[in-house]
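Residue numbers (full-length UniProt numbering): 1 to 509. Beta carbons are placed, not taken as given, at the ideal position from N, Cα and C, and that holds for glycine. From a predicted model like this one, the values you see are computed outputs, not experimental measurements.
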Ligand SMILES: C[S@@+](CC[C@H](N)C(=O)[O-])C[C@H]1O[C@@H](n2cnc3c(N)ncnc32)[C@H](O)[C@@H]1O
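As structure tokens, then:
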């Protein structure tokens, strides 16, 4: 692991033993919010079944040029010749005859595991075979990254002894098939079972900049990062970077002090504590004791204000006994007649209050403690201000979101931005303030508002505030690099249109 430690320390990071988490990845220097902490290539990544015919099998990009299909197996598509050549030397030379032999094999649930195992096993086998080269001074930069990935992968936790016997049986079958298909010289069939266990608690869904799931990836460096339900970092992807095989980018969403552990969230922040903890136990085999899960434990080292808001955020995600009744209320609320009366009253005014209070914390340089104070006031006032505070919870989200997109499809901009503001208010209460979900939702909302402005100055001003917040959040979550930078550029175009419109309105006065 010498070269892995060196690679990490080049980026100001260090890996330490931990009695409860096996290892922790911490920073040696202060990291400002919105920084790219480190970028690293995958050991293997490929599209999910529904994307195999539309997205490049090497870099997951939707190509501008017509797709190139492998003329032998007719199964894999690439965005260009460069990607095709890279895939050929990495794995396709060996896998192509297998794909051909398999004909129209169904891409079912086991397909992802089997395909990942084939690709990773081929790389590890090659690495073990040429270990003396990989350890020599002659090793090329690309092979050095491969070495870092292979070495790290071999140290990842597998929790093999904790998987159910049913799961292990399934893995045994996949391992047997892959072992008989590939001529592996340096890996045993039994080791392949451990690899499959590793995939299940370490691998990532690869999403595009809009958070649409495109594929799955093994990113050994990313797999060194532990979980927190209130994380200080996120992972994003740079789709379409052929040579780097869909690199993963680790970005800070908070200022991180020197010595602090870097954490990401393995689960959706809008899930209830019970659901999050169940998933973390069943898939990752640990009991989460992050500040959010342990917010009522006074021995946890956080400020009293933070503890108080984390307890209240938790209440917003709890699964309720009156879920059905709540659904009916939201459904009625969204029906056109009721919408006029009720959204405008209680929901709408509290929505405005949340947005007015929290938006400056997305655009300005306010400190985390100021943001927490504002959040605390809002959460404290919630019960005093509105009759149904339970409508600002996770339970309302999926229903309102569905209606929001229906209205967008119908180009009903007024209704869509009314619903979009309501969703934004719930997001702002539940999610960390600099979260890609918030940035992307702000962008959708800004577009709806812009479509509905009718050149009314107040509306243009309001949508301009939303677009400024969008830009700030996306600069932090997405950054300005490559594919992710494109979305920030789109926001800037919208911002310029709004500025021009505001100047026009001023001139006409
Ligand atoms: C993707 S790995 C993270 C890196 C891992 N700690 C290591 O040293 O290889 C996921 C595993 O790390 C451990 N882990 C991650 N976050 C944790 C947390 N918050 N508390 C305890 N264990 C954690 C669990 O064993 C989990 O299955």
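Runs of the beta strand (DSSP E) lying entirely within the UniProt domain "SET" (166-267), each at least 3 residues long, are 204-207, 213-218, 233-237 and 248-252 in chain order. If you check the CB distance, residue 421 and residue 445 come in under 8 Å.
Shown here, residue 141 sits in a helix according to DSSP, grouped into three states. Partner residues in the beta bridge of residue 31, as assigned by DSSP, are 256.
The beta carbon of residue 415 is closer than 7 Å to those of 407 in its chain, skipping five residues each way along the sequence. Judged by pairs of C-beta atoms under 8 Å, the stretch 227-238 touches the stretch 286-306, as three or more such pairs exist.
Closest in C-alpha terms to residue 313, from the list 428, 211, 88 and 12, comes 428. Here the distance from the Cβ of residue 116 to the nearest heavy atom of ligand 1 is not below 7 Å. Relative to ligand 1, residue 91 has its C-beta separated by 7 Å or more from all heavy atoms.
The three-state secondary structure of residue 275, taken from DSSP, is helix.
Of the heavy atoms belonging to ligand 1, at least one sits nearer than 7 Å to the Cβ of residue 226. In the structure shown, residue 304 falls within a helical segment according to DSSP collapsed to helix, strand and coil.
By the criterion of a C-beta distance shorter than 7 Å, residue 257 is surrounded in its chain by 30, once the five residues flanking it on both sides are discounted. Using a cutoff of 7 Å, the CB of residue 284 counts as near ligand 1, since one of the ligand's heavy atoms is closer than that. Unbroken beta strand (DSSP E) runs of no fewer than 3 residues, entirely contained in the stretch 33-92, are found at 36-40 and 44-47, following chain order. With a cut-off of 7 Å, the C-beta of residue 196 is classified as distant from ligand 1, since no heavy atom of the ligand falls inside that distance. Secondary structure at residue 25: strand, using DSSP grouped into helix, strand and coil. Residue 235 holds the alpha-carbon nearest to the alpha-carbon of residue 34 among 318, 235 and 296. Residue 7 and residue 386 have their C-alpha atoms roughly 53 Å apart. The continuous alpha helix (DSSP H) containing residue 416 extends over residues 413-430. Taking 8 Å as the cut-off, the beta carbon of residue 4 is found closer than this to the beta carbon of residue 151. Shortest gap from the CB of residue 14 to any heavy atom of ligand 1: 7 Å or more. Checking the DSSP bridge columns, you'll see residue 18 partnered with 22. For the options 436, 25 and 364, the alpha carbon positioned closest to that of residue 479 is the one of 436. Within 7 Å of the C-beta of residue 159 there is at least one heavy atom belonging to ligand 1. Where residue 509 is concerned, there is no enclosing alpha helix (DSSP H), because DSSP gives it neither an H nor an E. At least one heavy atom of ligand 1 lies closer than 7 Å to the C-beta of residue 288.
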